[in-house]
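Shown next, in structure tokens, is the structure this report addresses.
Laid out in structure tokens, this is it:
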């Protein structure tokens, strides 16, 4: 597995075509981790293109969520590499936000 990011309370790894997010057992309860996984599953049902939830399991005393890994670059990376396309990328971003807000996900917890 390749470490993508390591934070104080969680680590994210790439394992082939999977992404594994490992939570510190002292910082996150089982309920918090399962709620994140449940929210992922609920958003999947909207048809939005998000990484699919593959697995939730106990790992070394803590919990881990495994999702599909989607290859690609972040918006900030694309803008840095192609500053002349900034307007095009911003338009795509706005369209994506509009698509997200057009979806109904009644079982998703309100923020």
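Numbering (this note's numbering), first residue to last: 1196 to 1306. Backbone N, C-alpha and C fix where the C-beta goes; we use that ideal spot for every residue, glycine too.
8 Å Cβ cutoff met for residue i and residue j
i: residue 1232; j: residue 1214; result: no
i: residue 1228; j: residue 1254; result: no
i: residue 1198; j: residue 1206; result: yes
i: residue 1246; j: residue 1265; result: yes
Straight-line Cα distance separating residue j from residue i
i: residue 1237; j: residue 1296; result: 15 Å
i: residue 1256; j: residue 1287; result: 41 Å
i: residue 1285; j: residue 1270; result: 9 Å
i: residue 1353; j: residue 1218; result: Here the chain comprises residues numbered 1196 to 1306, so residue 1353 is not present and cannot be evaluated.
i: residue 1276; j: residue 1268; result: 10 Å
i: residue 1202; j: residue 1211; result: 21 Å
i: residue 1244; j: residue 1216; result: 19 Å
i: residue 1278; j: residue 1225; result: 43 Å
i: residue 1310; j: residue 1235; result: The chain is shown from 1196 up to 1306; residue 1310 falls before or after that span and cannot be answered.
i: residue 1200; j: residue 1301; result: 32 Å
i: residue 1204; j: residue 1292; result: 29 Å
i: residue 1230; j: residue 1273; result: 32 Å
i: residue 1304; j: residue 1240; result: 14 Å
i: residue 1221; j: residue 1280; result: 44 Å
Residues bridged to residue i [DSSP beta-bridge criterion]
i: residue 1223; result: According to DSSP, residue 1223 bridges with nothing at all.
i: residue 1218; result: 1205, 1258
i: residue 1200; result: 1207
i: residue 1213; result: 1210, 1263
Closer than 7 Å: residue i CB and nearest the ligand HEM heavy atom
i: residue 1258; result: Among the components modelled here there is no ligand, and therefore nothing to report on the ligand HEM.
Residue i at chain B interface by Cβ criterion, 8 Å
i: residue 1280; result: Of the protein chains in this structure there is only one, and it is not chain B.
Q) Which ranges would you report for the beta strand (DSSP E) in the segment 1237-1275 if only whole runs of at least 3 residues count? A) 1248-1254, 1257-1263
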